[in-house]
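J.: Order-wise, the sequence lines are chains A and B.
All residue numbers for the first sequence refer to the UniProt record's numbering, where the first residue is 1 and numbers rise by one.
All residue numbers for the second sequence refer to the UniProt record's numbering, where the first residue is 1 and numbers rise by one.
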Amino acid sequence: MKSPLIVEPMFHIGPVPVTQPVVATWVIMAVMVLGALLLKRHLKQRPGKVQVVAELVTGALDDQIRDVVQSDPAPYRVLIGTIFLFVLIANWSGALPGVEPPTAHLETDAALALMVFVATLYHGVRSNGFIGYLKTFAQPTWVMIPLNLVEQITRTFSLIIRLFGNVMSGVFVIGIMLSLAGLLVPIPLMALDLLTGAVQAYIFAILGCVFIGAAVSEGREAGSPERSAP
Amino acid sequence: MRIDWWTIGLQTINLVVLLWLLGRFFFRPMAKVVADRQAAANALLDDAKAVQDKAAEAIREAEAERERTVAAREAALDAARKEAEGQRAKLVEAAHAEAQRQRADAEMAIAHARGQAEAQMTRHANELAADMAARLLEGPGAKLPLSAFLPELEQALAALPEATRETLATSASPASLVSARPLADEEKNMARDTIERALAHEAALAFDSDPALIAGLRLSGGMAVLDVNLRADLNRVTARLDKQDG
Numbered sequence: 001m002k003s004p005l006i007v008e009p010m011f012h013i014g015p016v017p018v019t020q021p022v023v024a025t026w027v028i029m030a031v032m033v034l035g036a037l038l039l040k041r042h043l044k045q046r047p048g049k050v051q052v053v054a055e056l057v058t059g060a061l062d063d064q065i066r067d068v069v070q071s072d073p074a075p076y077r078v079l080i081g082t083i084f085l086f087v088l089i090a091n092w093s094g095a096l097p098g099v100e101p102p103t104a105h106l107e108t109d110a111a112l113a114l115m116v117f118v119a120t121l122y123h124g125v126r127s128n129g130f131i132g133y134l135k136t137f138a139q140p141t142w143v144m145i146p147l148n149l150v151e152q153i154t155r156t157f158s159l160i161i162r163l164f165g166n167v168m169s170g171v172f173v174i175g176i177m178l179s180l181a182g183l184l185v186p187i188p189l190m191a192l193d194l195l196t197g198a199v200q201a202y203i204f205a206i207l208g209c210v211f212i213g214a215a216v217s218e219g220r221e222a223g224s225p226e227r228s229a230p
Numbered sequence: 001m002r003i004d005w006w007t008i009g010l011q012t013i014n015l016v017v018l019l020w021l022l023g024r025f026f027f028r029p030m031a032k033v034v035a036d037r038q039a040a041a042n043a044l045l046d047d048a049k050a051v052q053d054k055a056a057e058a059i060r061e062a063e064a065e066r067e068r069t070v071a072a073r074e075a076a077l078d079a080a081r082k083e084a085e086g087q088r089a090k091l092v093e094a095a096h097a098e099a100q101r102q103r104a105d106a107e108m109a110i111a112h113a114r115g116q117a118e119a120q121m122t123r124h125a126n127e128l129a130a131d132m133a134a135r136l137l138e139g140p141g142a143k144l145p146l147s148a149f150l151p152e153l154e155q156a157l158a159a160l161p162e163a164t165r166e167t168l169a170t171s172a173s174p175a176s177l178v179s180a181r182p183l184a185d186e187e188k189n190m191a192r193d194t195i196e197r198a199l200a201h202e203a204a205l206a207f208d209s210d211p212a213l214i215a216g217l218r219l220s221g222g223m224a225v226l227d228v229n230l231r232a233d234l235n236r237v238t239a240r241l242d243k244q245d246g
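1. What ranges does the alpha helix (DSSP H) occupy inside the segment 137–203 of chain B, keeping only unbroken runs of at least 4 residues that lie completely in it?
2. In chain order, what residues of the segment 169–200 of chain A put their CB closer than 7 Å to some CB of chain B?
3. With three or more beta-carbon pairs closer than 8 Å as the criterion, would you say the segment 66–86 of chain A touches the segment 166–180 of chain A?
4. DSSP beta-bridge partners for B/N229?
5. A/L39 touches chain B at which residues, Cβ-Cβ below 9 Å?
6. Less than 8 Å between CB atoms is the rule here; does A/M1 satisfy it with respect to chain B?
7. Can you name, in chain order, every residue of its own chain whose Cβ lies under 6 Å from the Cβ of B/M165, other than the five neighbours on each side?
8. From the DSSP output, in three-state form, read off B/G23 for me.
9. Sorted by chain position, which residues of the same chain lie with C-beta nearer than 7 Å to A/V171's C-beta, five sequence neighbours on each side aside?
10. Does any heavy atom of the ligand ATP sit closer than 7 Å to the C-beta of A/G197?
11. Chain B partners of A/P17, CB-CB under 7 Å?
12. Answer with yes or no whether the minimum CB distance from residue 240 of chain A to chain B is below 8 Å.
13. Please classify A/P186 as buried or exposed, where buried requires at least 16 neighbouring CB atoms within 10 angstroms.
14. In the DSSP output, what is A/H12 paired with across the bridge?
15. Verify whether the separation of the beta carbon atoms of B/T12 and A/L85 is less than 8 Å.
16. Using 10 angstroms around the beta-carbon of B/M30, count the other beta-carbons present and answer buried if the total reaches 16, otherwise exposed.
17. When Cβ atoms are compared, which residues of the segment 102–118 of chain A fall closer than 8 Å to chain B?
18. Strictly below 8 Å CB to CB, what residues from chain A border B/R37?
19. Cα separation between B/N26 and A/Y76?
20. Tell me the rounded alpha-carbon separation between B/Q116 and B/L241.
21. Taking the straight line between their C-alpha atoms, what separation do you get for A/G165 and A/L192?
22. Tell me whether A/F137 sits in a helix, a strand or coil according to DSSP, three-state version.
23. With DSSP as the reference, please indicate the residues paired to B/L205 in a beta bridge.
24. Verify the CB distance criterion: does A/W26 have a CB-CB separation below 8 Å to chain B?
25. Taking the Cβ atom as the reference point for each residue, do B/L213 and B/R231 lie within a distance shorter than 8 Å?
26. Checking 8 Å against the spacing of the C-beta atoms, do A/T156 and A/V116 come in under that value?
27. So does the segment 13–24 of chain B actually touch the segment 55–69 of chain A, counting three or more Cβ pairs closer than 8 Å?
28. Run through the segment 103–185 of chain A for me and flag every whole alpha helix (DSSP H) of 4 or more residues, listed as ranges in chain order.
29. By Cβ distance, which residues of its chain are closer than 7 Å to B/E98, with the 5 residues on each side in sequence left out?
30. Alpha carbon to alpha carbon, how far is A/E107 from B/W5? Give it in angstroms, no decimals.
31. Under the rule that 16 or more other beta-carbon atoms within 10 Å means buried, what is A/I89, buried or exposed?
32. Looking at the structure shown, is A/G94 part of a helix, part of a strand, or coil, going by DSSP?
33. Within 10 angstroms of the Cβ of A/G208, are there 16 or more other Cβ atoms? Answer buried if so, exposed if not.
34. Using C-beta distances below 6 Å, list every residue in its chain close to B/A130, excluding the 5 sequence neighbours before and after it, in chain order.
35. What do you reckon, are the CB atoms on B/A175 and B/L205 nearer than 8 Å?
So, in structure tokens, the structure goes:
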């Protein structure tokens, strides 16, 4: 059996090796963009069934973001929504025969975590200013600066490892089951994998939202009179 | 384990591109549709609120108009009531005055009728008295001698105008001498002598009798009628009583 920790290039574009997760991501991107274009073309004030589902999803995302960030969800909607939908579809793509989810590879999860990390920095600086954001690392006291810095790295790595571990393990278990048992035996595990994929997509998106919200709100709280008064 | 940095880079680029594409073709259009719908719903709500406010205003105006109408109705009713009371008072007063007038007229008519009735009764009483007197005098009257009436007849003839005396009981215009009872010839001659002496000429007389005279004579001729009898006396007494009683 091939190790899931190793990706082999499928082909090269010049010096750049193109691996299976990249191709799978392109396919998923194409499907998502085509779906978005089709939906956009048929958007109406009186929505159809598909539009109702799409509005339900975006509405639920807005509610989650608003609950976590405690502010208008518009600046974070595209990032968190894209991460959630991509991770969900990528995780579920493993149910298709012969398709290995891109999120089962460390590189894709690292790219997703990198986006969250950059977005956290961007929104933290945008909300608090550069100095203000740096000051948040000295909260509640300057002694915490090293720990806060390490936390930024470790929580990003935890994002990567959590998603990678869950999805990869599901793929790995199904592969083992397929090699050991018959064709229909892994179906319950695949169903469980769908549930795990949805939960992981939700967890990844919400954690990204929590990190961004923390970066935004920590500066707000640090500058608030209630916090500085005692 | 081996990290493929090319794959990380490509996936990062892919995700950034996907972020841009979904933002452009999915999230922003969806947000715009929802916002437009929300705006349309808000506009509808605003319109409905405006219509509701307008309806509430119309209801308030209708209520105020109803109250004004009620007040005007009450005022009109009060005015009509006062006018009716005034007219009623006037009518009652007029009816009272009319009743008083009619009562006065009726009392006057009753008094007049009573007076007439009393006068009529008095006349009847007088006539009755005259009749009773006539009845009472029928017996004694018949026994009275003719000579009891002749002096009075002579005085009556003497009181007549000269022209009347000259034309009375002439042959051209004989006079009628009516007595209560038929006269004997001696009595007739006595009467004729008395008349001729009073008239100073020969008298043409036609003798007749009428028991209604009770007692006495009636000489009539031409325009002159001389009553010297109890009936005429009773008639005069009755007329005088009638005149006295009113």
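Cβ atoms here follow ideal geometry from the backbone N, Cα and C, with glycine treated the same way.
T.: Quick look at the numbers:
1. 150–159, 162–167 and 185–199
2. none
3. no
4. Against the second sequence, residue 229 of chain B aligns to sequence position 229. Bridge partners of B/N229: B/G216.
5. Along the first sequence, one-based indexing puts residue 39 of chain A at 39. Here the neighbours are F25, F26, P29 and M30.
6. In the first sequence, residue 1 of chain A corresponds to position 1, counting from 1. Residue confidence is low: A/M1 scores 49 on pLDDT, short of 50, so the model does not pin down where it sits. No coordinate-derived value is stated.
7. For the purposes of this step, residue 165 of chain B is identified with residue 165 of the second sequence, where counting begins at 1. It is worth fixing the name first, because residue 165 of chain B is Arg in this sequence and not Met. So the list reads L199, once near-sequence residues are dropped.
8. Indexing the second sequence from 1 puts residue 23 of chain B at position 23. Helix, per DSSP.
9. Numbered from 1 along the first sequence, position 171 holds the residue referred to as residue 171 of chain A. So the list reads P4, G94, E100, P101 and A104, once near-sequence residues are dropped.
10. Ligands displayed in this structure: none; no statement on the ligand ATP is therefore possible.
11. Within the first sequence, the letter at position 17 stands for residue 17 of chain A. Chain-order list of chain B residues neighbouring A/P17: W6, by C-beta distance under 7 Å.
12. Outside the shown range of chain A (1 to 230) lies residue 240 of chain A, about which nothing can therefore be said.
13. Locating residue 186 of chain A in the first sequence gives position 186, counting from the first residue. By the 10 Å Cβ count, A/P186 comes out buried.
14. Residue numbering aside, residue 12 of chain A sits at position 12 when the first sequence is read from its first letter. A/H12 pairs with A/P17.
15. In the second sequence, counting from the first residue as 1, residue 12 of chain B sits at position 12. In the first sequence, counting from the first residue as 1, residue 85 of chain A sits at position 85. For B/T12 and A/L85, no; Cβs fall outside 8 Å.
16. Residue mapping note: residue 30 of chain B aligns to position 30 of the second sequence, counting from 1. Looking at its Cβ environment, which holds 16 or more other Cβ atoms inside 10 Å, B/M30 is buried.
17. P102, H105, L106, E107, T108, A110, A111, L112, L114 and M115
18. If you number the second sequence from 1, residue 37 of chain B lands on position 37. The answer, in chain order, is Q45.
19. One-based indexing of the second sequence puts residue 26 of chain B at position 26. One-based indexing of the first sequence puts residue 76 of chain A at position 76. Residue 26 of chain B is actually Phe in this sequence, not Asn. Cα to Cα, the separation comes out at about 14 Å.
20. As a first step, residue 116 of chain B must be located in the second sequence, where it is residue number 116. As a first step, residue 241 of chain B must be located in the second sequence, where it is residue number 241. If you take the alpha carbons of B/Q116 and B/L241, they lie about 15 Å apart.
21. Along the first sequence, read from residue 1 onward, the residue named residue 165 of chain A stands at position 165. Along the first sequence, read from residue 1 onward, the residue named residue 192 of chain A stands at position 192. Their Cα atoms are separated by approximately 15 Å.
22. Within the first sequence, the letter at position 137 stands for residue 137 of chain A. In this structure, A/F137 counts as coil in the three-state DSSP scheme.
23. Taking the second sequence and counting its residues from 1, one reaches residue 205 of chain B at position 205. In DSSP, B/L205 forms a bridge with B/A175.
24. By one-based count along the first sequence, residue 26 of chain A stands at place 26. Closer than 8 Å to some Cβ of chain B, the Cβ of A/W26 qualifies, so yes.
25. Numbered from 1 along the second sequence, position 213 holds the residue referred to as residue 213 of chain B. Numbered from 1 along the second sequence, position 231 holds the residue referred to as residue 231 of chain B. Yes. Within cutoff.
26. Looking up residue 156 of chain A in the first sequence gives position 156. Looking up residue 116 of chain A in the first sequence gives position 116. The answer is yes: Cβ separation under 8 Å.
27. Contact fails: fewer than three Cβ-Cβ distances are below 8 Å.
28. 106–128, 130–136 and 145–180
29. Against the second sequence, residue 98 of chain B aligns to sequence position 98. Once the five neighbours on either side are set aside, B/E98 has no close Cβ partner at all.
30. Position 5 of the second sequence holds residue 5 of chain B. Position 107 of the first sequence holds residue 107 of chain A. Rounded to whole angstroms, B/W5 and A/E107 show a C-alpha spacing of 7 Å.
31. In the first sequence, counting from the first residue as 1, residue 89 of chain A sits at position 89. Buried: at least 16 other Cβ atoms inside 10 Å.
32. Position 94 of the first sequence, counted from the first residue, corresponds to residue 94 of chain A. Reduced to three states, the DSSP call for A/G94 is helix.
33. Here the question's residue 208 of chain A lines up with position 208 in the first sequence. Buried, because 16 or more other Cβ atoms sit within 10 Å of the Cβ of A/G208.
34. Taking the second sequence and counting its residues from 1, one reaches residue 130 of chain B at position 130. Correct list, in chain order: L234 and T238.
35. Residue numbering aside, residue 175 of chain B sits at position 175 when the second sequence is read from its first letter. Residue numbering aside, residue 205 of chain B sits at position 205 when the second sequence is read from its first letter. Cβ atoms of B/A175 and B/L205: closer than 8 Å.
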